[in-house]
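Asker: Protein chains in written order, with full-length UniProt numbering: chain A, 1 to 276; chain B, 1 to 276.
Glycine included, C-beta positions come from ideal geometry on N, C-alpha and C.
Got a structure for you, written out below as structure tokens; questions coming shortly.
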DNA sequence: CGAGCCTTTGACTTATATCAAGCGCCGTGG
DNA sequence: CCACGGCGCTTGATATAAGTCAAAGGCTCG
């Protein structure tokens, strides 16, 4: 199985702290098992980033989950053409949704972080398909697609939550579209860095003023709608201006104020999100 | 109240057939009243473009609807900053969702056509706001935002439908992001024309091989992420190549095959959509 | 030790933006 | 009824942001 090299220069002595799913989880939950535990022991729920659920709902979610799954970095979690596929919650690791044109041009639609629901659109949308690929090793909770309707019927709250998640994801794509359509290269980079940092922050993943940052410049180019070379030059410039720093697979915002101003990004506080 | 001039050149003798909500509706339902009728007489449901609902659900929807509303072309249906606002179904006319940067750059996120649900995201998303503006005169069915949860509880089917609508809209934004990020100007235009034509077609709005097309080139530039001038030059070229024609506020696809090839657009058949 | 990724950089090309001006149609007001 | 102003479309000239091409270096893995 293809396993991409770790991004950015990484000195030997820090290799051990890479961002594979295993290492990632180890930071919060020591032990060898990367697989999600039973729902009531879910690490994510303990972060306070998610809305609490009743014992009843928790039990249903647990029973609704048919299995858990680990996939290595770079693997395709959902194919761009094939409909069907499962419904997942990303438990650990990074992934992304994307679309490609037939000549290979690729656009990343948004990044998926722990707690995000994956594959909802396949259930609905008008054939407009997208693929999903794992950036790092990932672990997933698997739900049956055809049980979704039962969920809505038996637990309207959870149905409401799913709509919430769908609307939130749309909001992220909206932001991205604003970037791709109307921001210049530097503004796009600033926006992306702020956006990802804040999402990770909410998940409690800031450590020593930095977050894990497993994506490479090709990913960044593909989400921003820029070429790889131009992305590189732009990021280099921002880094040299002291706005941010990416090193050893981690991201520091050295001057968040300036980044925020550059991106014309005004944050509302992130609310707690539902978690399935 | 500001009332924009009709787009593109329009000779005097065709002015009467403009695309105000009233004229629009008159084409299908003669009579002076532009306001939506009772739900069971809803013109939209008769098009076959929407999924049928039970009598029970229909009655609930009717009672859920607090009022109807007409707004003139150019008016703001939802403010970009202010949260709250109502929940609407667009009954007649065109509108669009947009975001702006503080220096005025505007990105249209997607167009809203009859049957589309409006304002769902305001209920949920993390502060990431967008505005909504009417392109033509519009008429709307108004629903109370705080009744949404009750809807989910009492009619899980309808909750499911709302999720469907949210996912479908996200799919449209996805497509748009692919365009803005990875397609060149001509490809973007081709994509947009195909996309809008097909949506209108599904609503039964094709007449004599053309559809009403009330948006101007500034709208098109703003949804495609291009400048007005470049949009004009690109569209001019495509029109001269015989791919399409826009005249008297109507759009013809003169060479759909070529447009489709140019846009790298492959259509799955549009499914019936829910209608609230 | 060699191969493969990923990053970096310089030189050059090109797509798109910006600036500026003119035209036609329409609605308005004298 | 005519003149004027506004809006939307069109076009040419010029500027610039971003893309493309090419090559090299660092790390890591095998």
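Answer with yes or no whether the minimum CB distance from residue 214 of chain A to chain B is below 8 Å.
Answerer: Here residue 214 of chain A refers to the residue found at position 214 when the first chain is read from its first residue. No, residue 214 of chain A lies away from the interface with chain B (no Cβ there is under 8 Å from its Cβ).
Asker: Any C-beta of chain A within less than 7 Å: which residues of the segment 144-178 of chain B qualify?
Answerer: Per Cβ criterion, the list reads 149, 152, 153, 156, 159, 160, 162, 163, 164, 166, 167, 168, 169, 170, 171, 173, 174, 175, 176, 177, 178.
Asker: For residue 263 of chain B and residue 103 of chain A, what's the separation of their Cα atoms in angstroms?
Answerer: Numbered from its first residue, the second chain carries residue 263 of chain B at position 263. Numbered from its first residue, the first chain carries residue 103 of chain A at position 103. Distance between the alpha carbons of residue 263 of chain B and residue 103 of chain A: 12 Å.
Asker: Any C-beta of chain A sitting closer than 8 Å to the C-beta of residue 99 of chain B?
Answerer: Your numbering for residue 99 of chain B matches position 99 in the second chain. It does; some Cβ of chain A falls within 8 Å.
Asker: In chain A, which residues lie with their C-beta within 7 Å of the C-beta of residue 109 of chain B?
Answerer: The residue you call residue 109 of chain B lines up with position 109 of the second chain. What residue 109 of chain B touches in chain A: 174, 177.
Asker: From residue 184 of chain B to residue 53 of chain A, what does the alpha carbon distance come to, in whole angstroms?
Answerer: The residue labelled residue 184 of chain B in the question sits at position 184 within the second chain. The residue labelled residue 53 of chain A in the question sits at position 53 within the first chain. Answer to the nearest angstrom: the Cα atoms are 46 Å apart.
Asker: Hey, is the segment 222-234 of chain B in contact with the segment 100-114 of chain B, meaning 3+ C-beta pairs nearer than 8 Å?
Answerer: Counting Cβ pairs under 8 Å, three or more are found: they touch.
Asker: Residue 180 of chain B CB to nearest chain A CB: under 8 Å?
Answerer: To locate residue 180 of chain B, count along the second chain from 1; it is residue 180. Answer yes: the Cβ-Cβ gap between residue 180 of chain B and chain A drops below 8 Å somewhere.
Asker: Here's a check: name, in chain order, each residue in its chain whose Cβ is nearer than 6 Å to the Cβ of residue 56 of chain B, leaving out the five neighbours to either side.
Answerer: Within the second chain, numbered from 1, the residue matching residue 56 of chain B stands at position 56. Excluding residues within five positions, none has a Cβ falling inside 6 Å.
Asker: In whole angstroms, what separates the C-alpha of residue 163 of chain A from that of residue 188 of chain B?
Answerer: Here residue 163 of chain A corresponds to residue number 163 of the first chain, with the count starting at 1. Here residue 188 of chain B corresponds to residue number 188 of the second chain, with the count starting at 1. Approximately 30 Å, taken between the alpha carbons.
Asker: Strictly below 8 Å CB to CB, what residues from chain B border residue 115 of chain A?
Answerer: Taking the first chain and counting its residues from 1, the one referred to as residue 115 of chain A is at position 115. Those do not exist, as residue 115 of chain A stays about 13 Å from chain B at its closest Cβ, beyond 8 Å.
Asker: By the criterion of Cβ-Cβ separation under 7 Å, what are the contact partners of residue 130 of chain A in chain B?
Answerer: By 1-based counting over the first chain, the position of residue 130 of chain A is 130. Within chain B, the residues near residue 130 of chain A are 174.
Asker: Using beta-carbon positions only, say whether residue 140 of chain B and residue 89 of chain B come within less than 8 Å of one another.
Answerer: Within the second chain, the letter at position 140 stands for residue 140 of chain B. Within the second chain, the letter at position 89 stands for residue 89 of chain B. Their beta carbons are under 8 Å apart, which means residue 140 of chain B touches residue 89 of chain B by this criterion.
Asker: State whether the segment 256-274 of chain A contacts the segment 197-210 of chain A, with contact taken as three or more CB pairs (one from each stretch) at a distance under 8 Å.
Answerer: The segment 256-274 of chain A is in contact with the segment 197-210 of chain A.
Asker: Assign residue 229 of chain B to buried or exposed, taking buried as 16 or more other Cβ atoms, counted over all protein chains shown, within 10 Å of its Cβ.
Answerer: In the second chain, the residue the question calls residue 229 of chain B occupies position 229. Exposed, because fewer than 16 other Cβ atoms sit within 10 Å of the Cβ of residue 229 of chain B.
Asker: Let me know if residue 63 of chain B comes out buried or exposed under the rule of 16 or more other beta-carbons within 10 Å of its beta-carbon.
Answerer: If you number the second chain from 1, residue 63 of chain B lands on position 63. Residue 63 of chain B comes out exposed.
Asker: Could you work out which residues of chain B lie near residue 105 of chain A, taking near to mean beta carbons separated by less than 7 Å?
Answerer: Locating residue 105 of chain A in the first chain gives position 105, where the first residue counts as 1. Neighbours of residue 105 of chain A on chain B, chain order: 182.
Asker: Taking 8 Å as the threshold (C-beta atoms), are residue 92 of chain B and residue 133 of chain B in contact?
Answerer: Within the second chain, numbered from 1, the residue matching residue 133 of chain B stands at position 133. Within the second chain, numbered from 1, the residue matching residue 92 of chain B stands at position 92. Contact: no.
Asker: Buried or exposed: where does residue 67 of chain B fall if 16 or more other Cβ atoms within 10 Å of its Cβ makes it buried?
Answerer: The count along the second chain starts at 1 and reaches residue 67 of chain B at position 67. The residue is exposed, with fewer than 16 neighbouring Cβ atoms inside 10 Å.
Asker: How big is the Cα-Cα spacing for residue 122 of chain B and residue 241 of chain B?
Answerer: In the second chain, counting from the first residue as 1, residue 122 of chain B sits at position 122. In the second chain, counting from the first residue as 1, residue 241 of chain B sits at position 241. Going by the C-alpha atoms only, they are around 42 Å apart.
Asker: Give me the chain A residues within the contact set of residue 120 of chain B, using Cβ-Cβ distance strictly less than 7 Å, ordered along the chain.
Answerer: By 1-based counting over the second chain, the position of residue 120 of chain B is 120. Going along chain A in sequence order, the residues near residue 120 of chain B (Cβ under 7 Å) are 167.
Asker: With a threshold of 8 Å on Cβ separation, who are the neighbours of residue 48 of chain A within its own chain once the five nearest residues in sequence on each side are excluded?
Answerer: Here residue 48 of chain A refers to the residue found at position 48 of the first chain. If we look at residue 48 of chain A and ignore the five residues flanking it on each side, its Cβ neighbours are 204, 272.
Asker: Are the CB atoms of residue 238 of chain A and residue 166 of chain A within a distance shorter than 8 Å?
Answerer: What you label residue 166 of chain A is simply residue 166 of the first chain in a count that begins at 1. What you label residue 238 of chain A is simply residue 238 of the first chain in a count that begins at 1. For residue 166 of chain A and residue 238 of chain A, no; Cβs fall outside 8 Å.
Asker: Report the residue from B:157, B:153, B:160 whose alpha carbon sits nearest the alpha carbon of residue 157 of chain A.
Answerer: Residue 157 of chain A sits at position 157 when you count from the first residue of the first chain. Comparing Cα-Cα distances from residue 157 of chain A to each of B:157, B:153, B:160, the minimum goes to B:153.
Asker: At the level of alpha carbons, what is the spacing between residue 260 of chain B and residue 210 of chain A?
Answerer: Sequence index remark: in the second chain, residue 260 of chain B carries index 260 (1-based). Sequence index remark: in the first chain, residue 210 of chain A carries index 210 (1-based). Residue 260 of chain B and residue 210 of chain A: Cα-Cα distance of roughly 46 Å.
Asker: Quick one: using the 10 Å Cβ neighbour count with 16 as the cut-off for buried, is residue 84 of chain A buried or exposed?
Answerer: To locate residue 84 of chain A, count along the first chain from 1; it is residue 84. When all chains shown are included, residue 84 of chain A counts as exposed.
Asker: When burial is assigned at 16 or more other CB atoms within 10 Å of the CB, is residue 250 of chain A buried or exposed?
Answerer: By one-based count along the first chain, residue 250 of chain A stands at place 250. Buried, by the Cβ-count rule.
Asker: Mind checking which residues open and close the beta strand (DSSP E) that includes residue 131 of chain B?
Answerer: Taking the first residue of the second chain as position 1, residue 131 of chain B is located at position 131. Residues 131-134.
Asker: How many angstroms separate the CA atom of residue 160 of chain A from the CA atom of residue 161 of chain B?
Answerer: Counting from one through the first chain, the residue named residue 160 of chain A turns up at place 160. Counting from one through the second chain, the residue named residue 161 of chain B turns up at place 161. So the two alpha carbons sit approximately 11 Å from each other.
Asker: Is there a Cβ from chain A that is less than 8 Å from the Cβ of residue 50 of chain B?
Answerer: The residue you call residue 50 of chain B lines up with position 50 of the second chain. No - not a single Cβ of chain A is within 8 Å of the one on residue 50 of chain B.
Asker: Which one of A:73, A:71, A:98, A:231 has the shortest CA to CA distance from residue 81 of chain A?
Answerer: Here residue 81 of chain A refers to the residue found at position 81 when the first chain is read from its first residue. Here the closest residue by C-alpha is A:98.
Asker: Would you give the residue range spanned by the beta strand (DSSP E) that residue 252 of chain B belongs to?
Answerer: For the purposes of this step, residue 252 of chain B is identified with residue 252 of the second chain, where counting begins at 1. Residues 250-253.
Asker: Residue range of the beta strand (DSSP E) that residue 143 of chain A falls in?
Answerer: Here the question's residue 143 of chain A lines up with position 143 in the first chain. 138-143 is the extent of the beta strand (DSSP E) around residue 143 of chain A.
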